Amino acid sequence: MKNRGTGIAIGHYPTGQNGGGDPSQAMVKIQPDGSAVLTVGSCDLGQGCKTILAQMAAEVLGMEYEQVKVINHSVDNTPMSSGSYASRVTYVDGKATVEAAENAREILFQVAGEILEASPSDLIIENGKVFVKGDRKRFKTISKIVEVATYEKHKQVVGLGHFMKDFSKPDPETGECDPFCTLSWGVSFAEVEVDTDTGEVEVLRFVSYYDAGKAINPMLVEGQIQGGSVMGLGAALMEDLHPYYPNIEHQPDNLSDYSIPTTMDIPDFEALIYECPSTEGPYGAKGIGELSANYPSPAIINAIHDAIGVWLTELPASPEKVLRALESQ
Amino acid sequence: MTLKVVGQNVLRYDGLAHVTGETHFADDVIIPGTLTVKVLRSPVSKGKIMNLDIRAAMSVPGVASVITADDVPCNGYGHIPDQPVLVEEMVRYKGEPIVAVAAVDEDTAIEALEKIQLGIEEEEPVFDHIQAMMPDAPKVRPEGNIHMFGKYPFRQVKFGDIDAGFREADVIIENTYRHPSLEHAQLEPMVSQAVPEAGGKLTVYTVSQAPHFHLEELYGILKVKKNNVSGKHWITEKGSRTGQGLEFGDINFIGGTVGGGFGGKNDMHADHITALLALKSGQPCKWRWTREEDLLYSTYRGCWYITIKDGVKKDGRIVARKIKTIRESGAYASSNPHVVEHNIFNSTGPYFIPNVHSRGYCVYTNKPPASSMRGFGLTPSTFATEVQANKIASELSMDPWEFRFKNVYRNGDLTSTGSKLDSVALIEMMQTLAEKTGVTLPDRLKQMSSAKRGGNSI
Numbered sequence: 105m106k107n108r109g110t111g112i113a114i115g116h117y118p119t120g121q122n123g124g125g126d127p128s129q130a131m132v133k134i135q136p137d138g139s140a141v142l143t144v145g146s147c148d149l150g151q152g153c154k155t156i157l158a159q160m161a162a163e164v165l166g167m168e169y170e171q172v173k174v175i176n177h178s179v180d181n182t183p184m185s186s187g188s189y190a191s192r193v194t195y196v197d198g199k200a201t202v203e204a205a206e207n208a209r210e211i212l213f214q215v216a217g218e219i220l221e222a223s224p225s226d227l228i229i230e231n232g233k234v235f236v237k238g239d240r241k242r243f244k245t246i247s248k249i250v251e252v253a254t255y256e257k258h259k260q261v262v263g264l265g266h267f268m269k270d271f272s273k274p275d276p277e278t279g280e281c282d283p284f285c286t287l288s289w290g291v292s293f294a295e296v297e298v299d300t301d302t303g304e305v306e307v308l309r310f311v312s313y314y315d316a317g318k319a320i321n322p323m324l325v326e327g328q329i330q331g332g333s334v335m336g337l338g339a340a341l342m343e344d345l346h347p348y349y350p351n352i353e354h355q356p357d358n359l360s361d362y363s364i365p366t367t368m369d370i371p372d373f374e375a376l377i378y379e380c381p382s383t384e385g386p387y388g389a390k391g392i393g394e395l396s397a398n399y400p401s402p403a404i405i406n407a408i409h410d411a412i413g414v415w416l417t418e419l420p421a422s423p424e425k426v427l428r429a430l431e432s433q
Numbered sequence: 029m030t031l032k033v034v035g036q037n038v039l040r041y042d043g044l045a046h047v048t049g050e051t052h053f054a055d056d057v058i059i060p061g062t063l064t065v066k067v068l069r070s071p072v073s074k075g076k077i078m079n080l081d082i083r084a085a086m087s088v089p090g091v092a093s094v095i096t097a098d099d100v101p102c103n104g105y106g107h108i109p110d111q112p113v114l115v116e117e118m119v120r121y122k123g124e125p126i127v128a129v130a131a132v133d134e135d136t137a138i139e140a141l142e143k144i145q146l147g148i149e150e151e152e153p154v155f156d157h158i159q160a161m162m163p164d165a166p167k168v169r170p171e172g173n174i175h176m177f178g179k180y181p182f183r184q185v186k187f188g189d190i191d192a193g194f195r196e197a198d199v200i201i202e203n204t205y206r207h208p209s210l211e212h213a214q215l216e217p218m219v220s221q222a223v224p225e226a227g228g229k230l231t232v233y234t235v236s237q238a239p240h241f242h243l244e245e246l247y248g249i250l251k252v253k254k255n256n257v258s259g260k261h262w263i264t265e266k267g268s269r270t271g272q273g274l275e276f277g278d279i280n281f282i283g284g285t286v287g288g289g290f291g292g293k294n295d296m297h298a299d300h301i302t303a304l305l306a307l308k309s310g311q312p313c314k315w316r317w318t319r320e321e322d323l324l325y326s327t328y329r330g331c332w333y334i335t336i337k338d339g340v341k342k343d344g345r346i347v348a349r350k351i352k353t354i355r356e357s358g359a360y361a362s363s364n365p366h367v368v369e370h371n372i373f374n375s376t377g378p379y380f381i382p383n384v385h386s387r388g389y390c391v392y393t394n395k396p397p398a399s400s401m402r403g404f405g406l407t408p409s410t411f412a413t414e415v416q417a418n419k420i421a422s423e424l425s426m427d428p429w430e431f432r433f434k435n436v437y438r439n440g441d442l443t444s445t446g447s448k449l450d451s452v453a454l455i456e457m458m459q460t461l462a463e464k465t466g467v468t469l470p471d472r473l474k475q476m477s478s479a480k481r482g483g484n485s486i
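As structure tokens, then:
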């Protein structure tokens with residue numbers, strides 16, 4: 105018999121290293137052609153941090169995204185970063201990048217102010233040019249300003265940025281501390297079909313709705329949600345590194361025995377983005393990297409209960425576990 | 029503020045290069061004359077090395093360098109740092125590296141490994157972290173199997189008055205949940221290539237997720253201190269490529285474009301061994317883990333047991349929560365104490381619970397070290413708290429949506445660690461999710477918001 109059921113799971117995820125104390129820094133150099141080089145120490149693991157950091161720098165500098173080159177490959181040549189983990193790069197590197205770009209922009213405004221005989225605070229930057237507010241005819245190209253800065257004003261157009269949430273030491277008795285930059289939120293819905301003869305669980309529909317604060321690049325956020333959901337689906341139904349725990353003799357040593365979901369296993373997925381801006385994050389952004397992996401398991405387990413009336417308290421919901429739970433019902 | 033670039037679906041920066049195969053990942057760096065690294069791993073889970081003879085391996089033609097614990101200046105790394113680069117005397121997990129070989133090719137390296145004489149007096153291991161907590165359990169480490177957080181064998185959170193909370197409760201609901209160990213299964217396995225450069229410098233091509241952090245860790249292993257003020261005399265004094273007189277700044281890590289990590293590359297897996305071999309042999313050395321090695325011996329999400337005891341009012345409000353969570357750490361600390369902290373600090377789930385007492389234990393076993401993985405302690409706690417939420421709702425014959433609306437965080441709420449929340453949106457998100465999935469919520473839930481408790485609370 106095949107029974108259908110639905111389930112939900114919700115939650116939160118902290119942005120930044122637990123407890124804080126994890127700096128990231130950034131450097132923005134304006135090039136002679138009016139483009140920019142952004143240098144950061146964090147890694148692009150496929151999550152797309154080069155893309156979104158370039159977007160933030162371009163936004164501050166009034167440039168096209170394509171005009172920002174991102175350098176992150178060499179520890180010698182990049183400013184400090186704690187690394188790409190803890191859902192921290194969009195927020196922490198993002199803040200450092202925005203600050204670095206603002207500082208570079210400040211130098212452009214100072215030099216442009218001297219050329220245009222205007223106060224730096226009366227200047228705006230857009231489309232590769234610095235304008236005097238309210239007068240579209242008084243402007244200089246960024247390229248020209250860099251030339252004047254370099255060859256006349258003895259100035260380097262480089263901006264530096266730094267962000268770190270101060271380390272918060274937990275009280276050993278109460279655990280009291282301030283351990284995160286901000287929280288992002290997630291809610292998920294699963295619909296499953298359980299075959300009570302074979303114990304197989306098929307996920308028919310999975311809806312993920314996640315708070316990115318501000319999606320710097322919505323398509324990449326969706327990618328993170330999709331990827332996390334697939335990982336969560338694997339945890340819910342398929343994966344166990346020590347299937348005969350605590351015995352390690354049968355630990356899978358290849359990806360045929362340790363099966364993770366392939367494209368053929370992916371159900372009807374919907375990835376939706378909510379934007380509840382963080383108070384301090386760059387453009388209101390929050391970390392999105394990790395939380396998306398957390399909700400498929402409980403949502404699917406709750407849906408299985410709705411379908412066949414049994415609670416599974418151990419993952420994964422393998423056919424064997426489902427059948428045993430049905431038998432002991 | 030009108031945003032022009034932020035919020036746009038611009039093309040992924042390196043997307044085209046990735047899908048056309050143009051991107052250079054660590055394994056794509058070809059340096060002529062690079063030696064192949066292979067490592068002799070322990071065949072047993074626990075034991076004492078009684079005899080180790082590498083002479084025959086060293087004399088295999090084509091073998092450039094063989095290193096043991098004796099060749100590691102400071103043989104301890106990691107967050108604590110408690111993990112040896114190469115086993116000194118006590119083997120603590122099956123697969124633990126004991127000897128590393130650099131040779132002209134893979135066959136020669138494997139032949140050299142086969143010639144190593146290794147005698148281990150096997151001891152009784154412990155694999156189950158619950159069993160490992162028992163007083164008479166075999167000791168993974170001499171100081172005991174339970175990690176000490178300062179003076180306590182646990183990290184704890186105490187918020188409100190737990191006893192008063194339970195007295196106030198109408199129903200007590202207690203359940204234990206188990207989350208198994210999981211592998212990151214990232215596309216790119218561990219790879220490292222260390223290349224000696226002119227003037228005694230060294231470049232390491234790495235897959236690290238945290239190269240700045242790992243470079244400092246490598247300096248620690250090489251006993252290179254940050255406060256070396258003797259000056260940089262490398263141009264005149266070094267010249268050799270033996271790594272003698274190595275100073276802070278002499279090593280560079282190249283990476284930053286990584287083929288997936290999911291937390292699996294927050295720990296140094298290969299860079300220390302290639303660096304040591306390159307410094308000793310003076311030749312470029314590359315170690316590429318096989319998929320088998322990656323699955324068996326790289327870090328992973330350790331197994332968890334989470335027991336939640338909730339005191340709940342008949343109207344569905346959770347008024348007290350007691351949690352005991354036990355995390356398997358494997359043989360070394362790695363990031364596991366932090367994972368436990370992260371779990372314990374967030375153990376209420378997304379719910380405001382006025383009285384909380386949670387304790388998290390980190391327990392050593394004779395398995396490879398577990399460590400960070402996407403979700404870092406919240407993956408198991410979310411599984412536990414969200415299934416628990418439905419169990420409570422079921423026990424009270426309440427709709428699971430309504431149960432959540434009643435308990436979720438709102439703006440101004442305190443977490444159990446005392447952080448005051450802002451930018452909370454769970455109620456609004458649940459309202460939209462219900463709409464999108466065809467669930468009809470009663471009006472009283474539709475009218476709620478994440479605004480501060482009080483006016484619209486139920």
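From first to last, the protein sequence lines are chains G and D.
The first sequence lines up with residues 105 to 433 when you count with my numbering.
The second sequence lines up with residues 29 to 486 when you count with my numbering.
Glycine included, every Cβ here is placed at the ideal spot set by N, Cα and C.
Note that the structure is predicted; figures quoted are calculated from it, not measured.
Check                                                                                                                                                  : Outcome
Can you find a CB in chain D that lies within less than 7 angstroms of the CB of P283/G?                                                               : yes
Use the C-beta contact count for V367/D: other C-beta atoms within 10 angstroms, 16 or more gives buried, fewer gives exposed.                         : buried
Exposed or buried, which one is N418/D when buried takes at least 16 other CB atoms within 10 Å?                                                       : buried
Within the continuous alpha helix (DSSP H) that includes K308/D, where are the two ends?                                                               : 299-309
Rounded to the nearest angstrom, what separates N422/G and M335/G at their Cα positions?                                                               : The amino acid at residue 422/G is misidentified as Asn; the sequence shows Ser. Near 16 angstroms, if we compare the C-alpha coordinates of M335/G and S422/G.
So for L157/G, helix, strand or coil by DSSP?                                                                                                          : helix
Of all the options P153/D, I301/D, A303/D, S399/D, which has the alpha carbon lying nearest to the alpha carbon of L210/D?                             : S399/D
Looking only at DSSP bridge pairs, what is T286/G linked to?                                                                                           : T119/G
So, L461/D versus F293/G, is the Cβ gap smaller than 7 angstroms?                                                                                      : yes
Could you tell me the distance, in whole angstroms, from the CA atom of L61/G to the CA atom of Q135/G?                                                : Residue 61/G lies beyond the range of chain G shown here (105 to 433); nothing can be said about it.
Note down the Cα distance separating V47/D from Q151/G, rounded to an integer number of angstroms.                                                     : 15 angstroms
Interface residues of chain D around I364/G at Cβ under 9 angstroms?                                                                                   : E211, A213
At what residues does the alpha helix (DSSP H) containing E320/D begin and finish?                                                                     : 319-325
Less than 7 angstroms between C-beta atoms, sequence neighbours within five positions excluded: which residues of the same chain meet that for I320/G? : I156, Q159, M160, T194, Y387, A389
Determine, using beta carbons only, whether M342/G comes closer than 7 angstroms to chain D.                                                           : no
DSSP on G259/D, reduced to helix/strand/coil?                                                                                                          : Note that G259/D scores 45 on pLDDT, short of 50, meaning its location in the model is unreliable and no value can be drawn from it.
So is D226/G in contact with chain D if we call contact Cβ pairs under 7 angstroms?                                                                    : no
Using beta carbons (cut-off 7 angstroms, strictly below), is A120/D in contact with chain G?                                                           : According to the sequence displayed, residue 120/D carries Arg and not Ala. It does not: the Cβ of R120/D has no partner Cβ on chain G nearer than 7 angstroms.
With 9 angstroms as the C-beta to C-beta threshold (strictly closer), list the residues of the stretch 390-417 of chain G near chain D in chain order. : K390, G393, E394, L395, S396, A397, N398, Y399, S401, P402, A403, I405, N406, H409, D410, W415, L416, T417
If we call anything under 7 angstroms between Cβ atoms a contact, is F243/G one with K233/G?                                                           : yes
Distance, Cα to Cα, K480/D vs N107/G?                                                                                                                  : 41 angstroms
Between V179/G and chain D, is there a C-beta pair that is closer than 7 angstroms?                                                                    : yes
How would you list, in chain order, the residues of chain D whose beta-carbon sits under 9 angstroms from the beta-carbon of P381/G?                   : S451
Check this for me: beta carbons of C380/G and A453/D, under 7 angstroms apart or not?                                                                  : yes
Taking 7 angstroms as the CB-CB limit, is F53/D close to chain G?                                                                                      : no
Within 7 angstroms of any Cβ in chain G, is that where the Cβ of H175/D sits?                                                                          : no
Below 7 angstroms on C-beta distance, what does H370/D contact in chain G?                                                                             : N122
Tell me the residue span of the beta strand (DSSP E) that contains S357/D.                                                                             : 346-358
List, in order along the chain, the chain D residues whose C-beta lies closer than 7 angstroms to that of F293/G?                                      : L461, T465
If you check the beta carbons only, do V67/D and A128/D fall under 7 angstroms apart?                                                                  : yes
Which word fits S225/G, buried or exposed, when buried means at least 16 other C-beta atoms lie within 10 angstroms of its C-beta?                     : exposed
Out of P350/G, S128/G, I114/G, point me to the one whose CA is closest to G120/G's CA.                                                                 : S128/G
Use the C-beta contact count for N79/D: other C-beta atoms within 10 angstroms, 16 or more gives buried, fewer gives exposed.                          : exposed
So, helix, strand or coil for I486/D, using DSSP?                                                                                                      : Reliability of the predicted coordinates at I486/D is poor, the pLDDT of 41 falling under 50, and the value obtained from them is presented with this limitation in mind. Correct three-state label for I486/D: coil.
Could you tell me whether any Cβ in chain G is nearer than 7 angstroms to the Cβ of E320/D?                                                            : yes
Report the neighbours of G446/D on chain G: residues whose CB is nearer than 7 angstroms to its CB, in chain order.                                    : E280
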